[in-house]
Every structure is written in structure tokens, then in C-alpha cells.
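*Asks:* Got a structure for you, written out below as C-alpha cells; questions coming shortly.
Protein chains: 4
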Amino acid sequence: MNTNTKDLILESTLKLVNREGLYHLNMKKLAKEAGLAIGTAYIYFDSKETIINELYQKIVRESEVAVFKNFQSERPLKETAIAMMRNLVTFFVSNPDYFNFIEQYGFSPILLKESKEKWLGIIDPLTKLIEKGKNKSLLKNLPTVLLLNLAHSPIIGMLKAFINNQVDLTDEWLQDQLFEACWKSIASENIDPKKG
Amino acid sequence: MNTNTKDLILESTLKLVNREGLYHLNMKKLAKEAGLAIGTAYIYFDSKETIINELYQKIVRESEVAVFKNFQSERPLKETAIAMMRNLVTFFVSNPDYFNFIEQYGFSPILLKESKEKWLGIIDPLTKLIEKGKNKSLLKNLPTVLLLNLAHSPIIGMLKAFINNQVDLTDEWLQDQLFEACWKSIASENIDPKKG
Amino acid sequence: MNTNTKDLILESTLKLVNREGLYHLNMKKLAKEAGLAIGTAYIYFDSKETIINELYQKIVRESEVAVFKNFQSERPLKETAIAMMRNLVTFFVSNPDYFNFIEQYGFSPILLKESKEKWLGIIDPLTKLIEKGKNKSLLKNLPTVLLLNLAHSPIIGMLKAFINNQVDLTDEWLQDQLFEACWKSIASENIDPKKG
Amino acid sequence: MNTNTKDLILESTLKLVNREGLYHLNMKKLAKEAGLAIGTAYIYFDSKETIINELYQKIVRESEVAVFKNFQSERPLKETAIAMMRNLVTFFVSNPDYFNFIEQYGFSPILLKESKEKWLGIIDPLTKLIEKGKNKSLLKNLPTVLLLNLAHSPIIGMLKAFINNQVDLTDEWLQDQLFEACWKSIASENIDPKKG
DNA sequence: TATGAATGAGGATTCATTCAT
DNA sequence: CATGAATGAATCCTCATTCAT
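This is how it looks when you write it as C-alpha cells:
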């Protein structure tokens with residue numbers, strides 16, 4: 001399955017972080033999980049920190065690709081927004097360990113100052129989309145941070161509930177309700193509901 | 001300020017976790033911050049873990065008291081809900097270190113299995129409130145988890161943005177917009193907007 | 001004998017370096033030699049390197065004091081020079097482990113760039129003394145480095161032979177011959193031999 | 001330049017030890033410097049230690065050849081002695097990396113007990129020469145070790161100063177002064193200075 | 001109660017050496 | 001012969017906890 005040792009190490013890290021938590025990750029466990037000697041990890045990575053950071057970057061990269069899949073800016077804003085939401089949920093529902101890792105990484109001691117805000121690569125284009133929507137009066141005239149949170153936080157909250165086995169987010173009807181609710185909470189109210 | 005040593009230790013813990021992060025908390029720093037010897041902490045607490053857990057419980061207790069302050073179940077649901085939201089925001093905007101601590105605690109190695117979900121004491125009554133509202137058709141007929149997240153997650157998201165200095169959540173107008181939006185996203189649509 | 005743990009650690013380091021060599025010094029051995037736990041050394045020193053450096057500085061400080069004991073610049077140069085030589089030899093013959101440590105330290109990886117030349121604190125005033133002697137034509141008109149080496153290197157060489165048990169440098173007659181020879185090799189030849 | 005891999009490895013070792021120090025020599029660096037794989041070194045040598053020891057022996061062998069070049073025991077002692085000194089200096093001034101290696105080797109963890117005294121191959125014949133000179137009253141009636149050091153140590157000291165860029169020992173006048181001084185410090189004083 | 005020196009298990013990292021290709 | 005990925009013992013250092021004073 002693994003084409004090379006470097007990927008094997010990253011995959012073992014992901015498994016271990018999901019099973020025992022980032023805090024409990026240590027090189028001995030990692031080596032055992034990967035079926036390697038401790039020293040082997042240091043052939044491919046400079047340090048434990050590097051492993052975690054590379055894994056994070058890999059996950060963020062893949063997440064971004066997934067979220068912006070089939071992105072077409074000329075489509076109606078609602079369609080675009082909901083497509084992105086769906087992409088996000090679909091991706092993390094299929095890869096719950098990615099979601100969990102990102103969450104844990106956000107509170108790991110590695111960052112602290114650099115990227116206090118996770119999801120950066122996703123949040124940034126979203127912010128631009130929202131500002132464009134506000135200019136066209138398609139969205140409520142509220143501060144961008146607020147709109148961003150109204151559209152985004154419930155989805156993150158539902159994903160957390162999903163990885164904690166509190167809800168079945170594979171349910172497409174539930175997803176649709178979620179997306180629709182998120183969209184409605186940011187969409188301008190005088191828009192013709194028939195057109196959306 | 002402190003009448004007893006136990007509180008002094010808990011307060012010093014809170015300060016340090018906010019300044020340097022839960023990960024970097026150690027007993028030497030804690031003793032120094034409190035102006036005590038390391039051994040003294042062990043007179044009042046069994047372990048470092050106990051300190052953190054007791055602090056967490058203290059914070060949750062205070063948060064709950066604050067959120068349910070002036071709680072009157074006989075008032076209209078919207079009033080009650082928004083009052084709780086306001087209480088929550090007011091409390092954590094005044095005590096950002098409490099919010100930050102709870103966030104960090106959620107990913108600390110202490111839990112992992114026990115209390116995966118933070119905010120427990122607050123979430124539980126909220127869930128009951130929501131279910132009551134659904135029964136009375138005051139709220140949308142959606143799964144409770146979804147309603148909970150729609151009402152709750154944007155507020156948490158905004159509080160995170162606040163402690164990261166990305167938004168001024170002391171602004172009352174902004175708070176009102178936030179609460180109104182959260183309420184609207186869960187409120188039944190056929191309710192007379194004049195009555196709320 | 002040891003008034004405090006810090007000195008105990010430094011003394012144990014010295015013993016171990018002399019017995020097994022600086023290269024083979026490790027924290028486990030050091031702790032065992034001192035009768036302490038490994039962690040204890042880190043209460044008093046930041047790192048293994050710090051221990052070695054502090055010991056070096058302590059030794060150099062003591063050596064300098066010993067070499068310049070009873071130093072009186074108004075005495076004839078020969079007397080001064082030979083007194084210093086005697087102080088040096090007396091000190092290191094009584095403290096052969098100090099000599100050995102300094103020798104090893106000079107090739108340890110800790111330096112490399114900083115103080116390639118050991119004995120700095122001793123060499124510097126010596127250089128000045130030599131230059132003064134040259135100005136007064138008491139010494140041969142040769143480059144200072146050469147005079148320095150002629151006066152100094154045989155003594156170092158004899159000390160090395162002594163710590164390798166190749167010669168008994170406690171023998172005062174031998175010391176006198178050494179000092180006289182070193183002095184003669186740098187002293188101006190037209191000086192009245194009766195006056196020295 | 002290299003006809004065989006074994007020499008290539010020894011030469012690369014020498015370069016690295018001079019550039020970074022014996023302490024920092026490791027097989028990975030050595031392989032890279034030689035343009036070989038790590039494993040290749042183990043085809044030609046049993047261990048890292050073997051490489052260092054073989055290099056040392058090679059250097060000592062070459063040094064001896066150089067020092068005893070044109071050695072003719074029937075010539076006057078002074079001529080012989082100064083010729084050897086000159087050979088020594090000429091050789092190490094042309095091959096400062098050899099000198100540096102020998103110095104570092106003397107404090108490496110490889111020896112410790114075996115060959116505490118470096119320069120063995122050179123020192124031994126020198127000792128015999130000195131004893132012969134003493135018997136013929138050409139040299140001072142002093143212990144051999146002392147004579148050896150008087151004649152030898154300043155030269156070593158000057159070579160050290162040379163590799164530390166503190167003196168230009170390629171200067172032939174300086175060399176002559178050095179040799180003359182070393183000779184004078186061991187030569188019997190009643191020898192007719194005109195004959196040497 | 002209060003102290004803080006001492007403990008030592010545990011964790012990250014290095015590197016000489018091996019061996020399958 | 002040549003390769004270089006893999007190994008794992010050895011090393012430095014940290015830190016929660018204890019205990020004699």
C-alpha cells in the first residue's frame with residue numbers, strides 16, 4: 001500500500017494522533033506503529049516537529065484541493081458557497097482523521113504564534129467570496145468576520161459532533177439542512193426566495 | 001487578594017496557561033508564578049493533573065452560573081435564548097482567559113476519553129430548551145444537534161476571533177447582530193416576526 | 001569535604017576526565033561518580049557543556065592565581081621569570097589532574113574557534129614581560145612568539161612527561177635545571193653571567 | 001589523483017579532521033567527502049577506529065621518513081640534530097594537516113592507554129642520539145627527558161603557533177633562530193663555538 | 001504547613017554498523 | 001565490489017513527584 005517509507009511514517013503519525021492524541025505521540029510509539037526502528041524516522045525527517053508539520057501541510061493541501069474542487073466563480077454565489085460547504089463536509093466525513101488532526105494541531109505547542117488560525121488556506125478565499133457577495137448585496141450587510149462565522153462555524157461544529165460519534169453527518173438530508181441554514185443566515189433577506 | 005493558597009495556585013495556573021499555553025505549564029513555573037515552593041502545591045493538590053482539572057471545574061461552574069443568570073423559563077423562548085447568549089458572551093469577553101483555558105483543556109492529554117465534549121454543563125440544559133422549543137413549533141423541525149450548532153457555534157467562533165484579537169466583541173451592536181442571526185437560524189420561519 | 005553539591009559535581013567531573021578522558025565523560029557516569037541522580041546535575045548546570053566550561057574556568061582562575069603568586073615586577077627579570085616558572089610547575093605537580101584537564105579541554109569540541117590557545121590568562125602577561133625584557137636588552141632580540149615558546153614549551157613538555165609518569169618533576173634539582181635552561185635560552189648573551 | 005579507494009578514504013578523513021575536527025568526524029560526512037557510499041568504507045576498513053588508526057600510522061611513517069631523510073650518523077651531532085629539526089619543520093610546514101591530525105589524535109578516545117606519547121617513532125631514535133651525545137660530552141649532563149624536551153618542545157610549540165596562524169614558520173631565518181636556540185639549550189657549554 | 005533539593009523514568013536525537021540488493 | 005536504507009544502543013536533557021528539614 002505504501003510506496004515509500006516517508007509516507008508510511010506520515011500515515012502512522014496520523015493514525016497514532018487519532019488513536020491516542022497528539023500530546024501522547026512519541027517517537028518510540030511512532031516507530032512501533034510504522035514497524036520501523038526509531039532511527040529510521042530521522043532519515044526522512046529532521047525532527048518529530050518536522051513530521052507533524054509536514055503532515056499538517058499535506059493535510060491542508062489536500063483539504064484545499066478538495067474544497068475548491070469544481071470551483072466556478074461565474075456560478076451564482078449560493079451555488080458556489082453550498083458547493084464549497086458540501087466539498088468540505090464530504091472530504092472530512094471521508095477523512096475524519098484529517099479533521100481531528102487539524103483540530104489537535106491548532107492547539108499543539110508547535111504554533112503558538114505563527115498560524116493561530118487554522119484552515120487559513122480555506123478561510124482566505126472564503127473571505128474574498130463573502131466580500132464580493134456583500135458588494136453585490138447578495139449577503140447581509142454585516143461585518144465579514146461575523147458572516148464568515150455564521151457560514152462556517154456550524155459546519156465545523158457538526159464535523160466535531162460527527163467525529164465524536166454524536167451525529168451521522170454522512171446523511172445527505174442532514175447535510176442539505178445544514179448548508180441551507182448556513183446560507184440563509186448570511187444571505188440578504190430581500191433576495192427572491194424562488195431564485196435563491 | 002487571595003484569602004487562601006489553593007485559590008492562589010489555581011489563579012496562577014490560569015495566568016500561566018493563558019500566557020504560555022497549557023502544554024508549557026510545569027510545576028516549576030507554576031510555583032514561581034504563585035510565589036510558592038513546588039512542594040507547597042502538593043499539599044493542596046494531589047498532582048498537576050488535579051490542579052488543571054479542578055481549575056477546569058471551577059471555570060465551568062462559574063460559566064454556568066453566569067450563563068443561567070436571571071434565567072426564567074416562563075419568558076418567551078427567544079428572550080431566554082438571547083439572554084443566555086448574551087450572558088455567555090458577556091462572561092467570556094470579561095474573562096477571556098477562562099475561554100482560552102477551556103479551549104486548551106479540550107485538547108489536553110488529561111481527557112481524551114472522559115469529556116470529549118467541553119461546555120457540558122451549558123450544553124445539556126440548552127439541549128432541553130431546544131427540544132422544548134421544537135415541541136412548541138417555535139424552532140425549526142431539525143435535529144437537535146443541528147439546531148444546537150446553528151445557535152451555538154457562531155458564538156464560539158466569534159469568541160475565538162475575539163481572543164485572537166480579530167474582532168472587538170465588546171461592541172454591543174455586533175453582539176446584537178450575532179445573537180439575532182443565531183436566533184433566526186434556528187427559529188421557526190412562520191413565527192410572527194413582530195412577536196419574535 | 002564538599003561543602004555543596006555544585007562543587008561535588010565539578011570535582012567528580014575532574015576525577016572522571018582524568019580517569020577516563022573528556023571524550024568518555026557522560027552524564028550517567030558523572031552522576032554515579034558524584035553519588036547523585038542524573039537530574040541533580042541539571043539543577044546546578046544548564047548542560048554538560050556548562051559543567052565542563054565552568055570547571056575549565058575554575059581551573060584557569062586557580063592556575064593564574066598560583067602562577068602570579070608573590071609576583072613583584074620590581075624584581076630582576078630573571079628572578080621574576082623563574083619564580084613564575086616555579087609557581088607553574090609547583091601548582092601543576094600538586095594538581096596533575098588540573099593540567100591533564102586543561103590539555104584535554106584544548107582539544108574538546110566545545111572550543112574549536114574561541115580559545116584555540118589555552119593558558120590564555122597566563123600567556124598574556126608573559127608576553128608583556130618578554131617584550132619589556134626585549135626593550136631593556138635583557139632578552140635576545142628574537143620574535144616574541146619564539147621567546148615565549150623557548151621559555152614555556154619545555155616546561156609544558158616536562159609537565160606532560162610528568163603526568164605520563166615518565167619523569168619525576170617533584171625533584172627540585174630537576175626543576176632548577178629546567179628553569180635555568182629555559183631562562184638561558186631566552187636571556188641576552190652579553191649579560192654578566194655573575195649577575196644573571 | 002587516487003589510484004585506489006583505500007587511499008581516497010584516508011585522504012578524505014584527513015581533510016575532514018582538519019576542517020571540522022576529529023570529534024566531529026562521522027561516517028556519513030566521510031562518505032560524502034570521499035564521494036562514496038557509507039558501506040564502501042566498510043569494505044576497506046573494519047571500523048571508523050581502524051580508519052583513524054591507519055591514517056595515524058601512515059602519517060607517522062611518512063613523518064619518520066621525512067625527519068630521517070639524509071640522516072648520516074657520522075656527521076657532527078649538531079649538524080645531524082639541526083638537520084632533523086629542519087626536516088621536521090619543513091615536513092609539517094608543508095603538511096600542516098598531518099601535524100594537526102597527530103595533535104588531535106593524541107587526545108582522541110582511541111588511545112588513552114596504549115600510546116599516550118605521540119611522535120613515538122621519532123622520539124625513540126632521538127633519545128638514542130641524545131644519549132650518545134651525552135656520552136661524548138657534546139651535550140649537557142642533564143637527564144635525557146629534559147634534553148629531549150629542551151630540544152623538541154619549542155619546535156612543537158612553534159608548529160602549533162604556525163597552524164594557528166600566529167607565526168609564519170616558512171620564514172627560513174626564523175627557522176634558523178629556532179634550531180640554533182634549541183641546539184644551544186642542550187649543547188655542552190665548553191664546546192668551542194667556532195666548531196659547533 | 002512550607003520548603004526546594006533530589007530523584008529517575010521517559011523522551012528526542014545521533015551515529016557506527018549491517019545487509020539485502 | 002558498491003550501495004544506502006535500516007537498525008537500535010547510547011546519550012543528553014526534562015519534569016512530575018517525593019521527603020527530610
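Chains as they are written, first to last, in UniProt numbering: chain A, 1 to 196; chain B, 1 to 196; chain C, 1 to 196; chain D, 1 to 196.
Note that beta-carbon positions come from the ideal geometry of N, C-alpha and C, so glycine has one too.
1) Here's the rule: buried if 16 or more other CB atoms are within 10 angstroms of the residue's CB, otherwise exposed. What is residue 14 of chain D?
2) What first and last residue would you give for the alpha helix (DSSP H) that runs through residue 172 of chain D?
3) For residue 92 of chain D versus residue 137 of chain D, is the C-beta spacing smaller than 9 Å?
4) Mind reading off the beta-carbon distance from residue 51 of chain C to residue 9 of chain C? Whole number of angstroms is fine, and I expect it under 8 Å.
5) Quick test of the definition: if touching needs 3 or more C-beta pairs under 8 Å, does the segment 89-104 of chain C touch the segment 11-26 of chain C?
6) Using three-state DSSP, classify residue 22 of chain D as helix, strand or coil.
7) What are the residues of the segment 171-182 of chain B that lie near chain A, defined by any Cβ-Cβ distance shorter than 7 Å?
8) Report the rounded CA-to-CA distance for residue 183 of chain C versus residue 100 of chain C, giving the unit in angstroms.
9) Does any CB atom of chain D fall closer than 9 Å to the CB of residue 158 of chain C?
10) Count the other CB atoms within 10 Å of the CB of residue 128 of chain D; is the residue buried (16 or more) or exposed (fewer)?
11) Okay, do the segment 68-75 of chain C and the segment 137-157 of chain C touch, 3+ Cβ pairs below 8 Å being the bar?
12) Looking only at its chain, what residues have a beta carbon closer than 8 Å to the beta carbon of residue 36 of chain D, apart from the 5 residues adjacent to it on each side?
13) Closer than 8 Å is the cut-off here; do at least three beta carbon pairs connect the segment 78-87 of chain B with the segment 173-183 of chain B?
14) Checking contacts by CB at 9 Å: is residue 23 of chain B closer than that to chain A?
15) Please classify residue 16 of chain D: does DSSP put it in a helix, a strand, or coil?
16) Around the C-beta of residue 71 of chain A, are 16 or more other C-beta atoms found within 10 angstroms, so that it is buried, or is it exposed?
17) Roughly how far, in whole angstroms, is the beta-carbon of residue 197 of chain D from the beta-carbon of residue 185 of chain D, given that I think they are within contact range, below 8 Å?
18) Please report how far the alpha carbon of residue 108 of chain B lies from the alpha carbon of residue 25 of chain B, in whole angstroms.
19) Between residue 161 of chain B and chain A, is the shortest Cβ-Cβ distance under 9 Å, so that the two count as touching?
20) To the nearest angstrom, how far is the alpha carbon of residue 139 of chain C from that of residue 80 of chain C?
21) Nearer than 8 Å: is that true of the beta carbon of residue 184 of chain A relative to any heavy atom of the ligand MN?
22) Say whether chain B places a C-beta atom closer than 9 Å to the C-beta of residue 99 of chain A.
23) Mapping the DSSP letters down to three states, classify residue 36 of chain B as helix, strand or coil.
24) Does chain D have any CB closer than 9 Å to the CB of residue 184 of chain C?
25) What number of angstroms, rounded off, separates the C-alpha of residue 162 of chain C from the C-alpha of residue 171 of chain C?
26) Three-state secondary structure (DSSP) at residue 30 of chain A?
27) The alpha helix (DSSP H) spanning residue 100 of chain A covers which residue range?
28) Considering only the beta carbon of each residue, do residue 30 of chain C and residue 58 of chain C sit closer than 9 Å?
29) Measuring only the C-alpha atoms, how far is residue 104 of chain A from residue 131 of chain A?
30) Pull up the CB-CB distance for residue 122 of chain A and residue 167 of chain A, whole angstroms please, since I reckon it's below 8 Å.
31) Can you give me the Cβ contacts of residue 135 of chain C inside the same chain, cut-off strictly under 6 Å, excluding the 5 residues immediately before and after it?
32) Starting from residue 62 of chain A, trace the alpha helix (DSSP H) in both directions and tell me its first and last residue.
33) CB-CB under 7 Å to residue 188 of chain A, same chain, minus the five flanking residues each way: which ones, in chain order?
34) With DSSP as the reference, identify every bridge partner of residue 139 of chain B, one or two as the case may be.
*Replies:* In brief:
1) As a working note, residue 14 of chain D is residue 14 in the fourth sequence. Buried, because 16 or more other Cβ atoms sit within 10 Å of the Cβ of residue 14 of chain D.
2) Walking along the fourth sequence from the start, residue 172 of chain D turns up at place 172. Start and end: 172-186.
3) Your numbering for residue 92 of chain D matches position 92 in the fourth sequence. Your numbering for residue 137 of chain D matches position 137 in the fourth sequence. Not a contact, by the Cβ cut-off of 9 Å.
4) The residue you call residue 51 of chain C lines up with position 51 of the third sequence. The residue you call residue 9 of chain C lines up with position 9 of the third sequence. Their Cβ separation, rounded to whole angstroms, is 6 Å, which keeps residue 51 of chain C and residue 9 of chain C in contact under 8 Å.
5) yes
6) The residue given as residue 22 of chain D occupies position 22 in the fourth sequence. DSSP places residue 22 of chain D in helix when its eight states are reduced to three.
7) 174, 177, 178, 181
8) Working through the third sequence from its first residue, we reach residue 183 of chain C at position 183. Working through the third sequence from its first residue, we reach residue 100 of chain C at position 100. The alpha-carbon atoms of residue 183 of chain C and residue 100 of chain C are separated by roughly 25 Å.
9) Residue numbering aside, residue 158 of chain C sits at position 158 when the third sequence is read from its first letter. Closer than 9 Å to some Cβ of chain D, the Cβ of residue 158 of chain C qualifies, so yes.
10) Position 128 of the fourth sequence, counted from the start, is the residue given in the question as residue 128 of chain D. Residue 128 of chain D should be labelled exposed.
11) no
12) Residue numbering aside, residue 36 of chain D sits at position 36 when the fourth sequence is read from its first letter. Excluding positions up to five away in sequence, the list reads 5, 8, 9.
13) yes
14) Within the second sequence, the letter at position 23 stands for residue 23 of chain B. Closer than 9 Å to some Cβ of chain A, the Cβ of residue 23 of chain B qualifies, so yes.
15) As a first step, residue 16 of chain D is located in the fourth sequence; it is residue number 16 there, counting from the start. Residue state, collapsed to three classes: helix.
16) Position 71 of the first sequence, counted from the start, is the residue given in the question as residue 71 of chain A. Exposed, since its Cβ has fewer than 16 Cβ neighbours within 10 Å.
17) As displayed, chain D neither begins before 1 nor continues past 196, which places residue 197 of chain D out of reach and without an answer.
18) If you number the second sequence from 1, residue 108 of chain B lands on position 108. If you number the second sequence from 1, residue 25 of chain B lands on position 25. Their Cα atoms are separated by approximately 11 Å.
19) Sequence index remark: in the second sequence, residue 161 of chain B carries index 161 (1-based). So yes, residue 161 of chain B belongs to the interface.
20) Along the third sequence, one-based indexing puts residue 139 of chain C at 139. Along the third sequence, one-based indexing puts residue 80 of chain C at 80. Each residue's alpha carbon lies about 13 Å from the other.
21) No copy of the ligand MN appears in this structure; indeed no ligand is present at all.
22) Counting from one through the first sequence, the residue named residue 99 of chain A turns up at place 99. Chain B, which has no Cβ nearer than 9 Å to the Cβ of residue 99 of chain A, makes this no.
23) Here residue 36 of chain B corresponds to residue number 36 of the second sequence, with the count starting at 1. In this structure, residue 36 of chain B counts as coil in the three-state DSSP scheme.
24) Against the third sequence, residue 184 of chain C aligns to sequence position 184. Interface residue, yes.
25) Numbered from its first residue, the third sequence carries residue 162 of chain C at position 162. Numbered from its first residue, the third sequence carries residue 171 of chain C at position 171. Residue 162 of chain C and residue 171 of chain C: Cα-Cα distance of roughly 11 Å.
26) Within the first sequence, numbered from 1, the residue matching residue 30 of chain A stands at position 30. Reduced to three states, the DSSP call for residue 30 of chain A is helix.
27) Translated into the one-based positions of the first sequence, residue 100 of chain A becomes position 100. It spans 96-105 - the alpha helix (DSSP H) in which residue 100 of chain A sits, taken as one unbroken run.
28) Along the third sequence, read from residue 1 onward, the residue named residue 30 of chain C stands at position 30. Along the third sequence, read from residue 1 onward, the residue named residue 58 of chain C stands at position 58. For residue 30 of chain C and residue 58 of chain C, no; Cβs fall outside 9 Å.
29) Taking the first residue of the first sequence as position 1, residue 104 of chain A is located at position 104. Taking the first residue of the first sequence as position 1, residue 131 of chain A is located at position 131. Cα to Cα, residue 104 of chain A sits roughly 30 Å from residue 131 of chain A.
30) On the first sequence, position 122 is the one that residue 122 of chain A refers to. On the first sequence, position 167 is the one that residue 167 of chain A refers to. Their Cβ separation, rounded to whole angstroms, is 22 Å, which puts residue 122 of chain A and residue 167 of chain A out of contact at 8 Å.
31) Along the third sequence, one-based indexing puts residue 135 of chain C at 135. Closer than 6 Å at Cβ, skipping near neighbours: no residue.
32) Here residue 62 of chain A is taken as the residue at index 62 of the first sequence, counted from 1. Looking at the DSSP string, the run of the alpha helix (DSSP H) that includes residue 62 of chain A is 48-67.
33) What you label residue 188 of chain A is simply residue 188 of the first sequence in a count that begins at 1. Here the set comprises 137, 138, 139, 140.
34) Here residue 139 of chain B is taken as the residue at index 139 of the second sequence, counted from 1. Note: residue 139 of chain B sits in a beta bridge opposite B:187.
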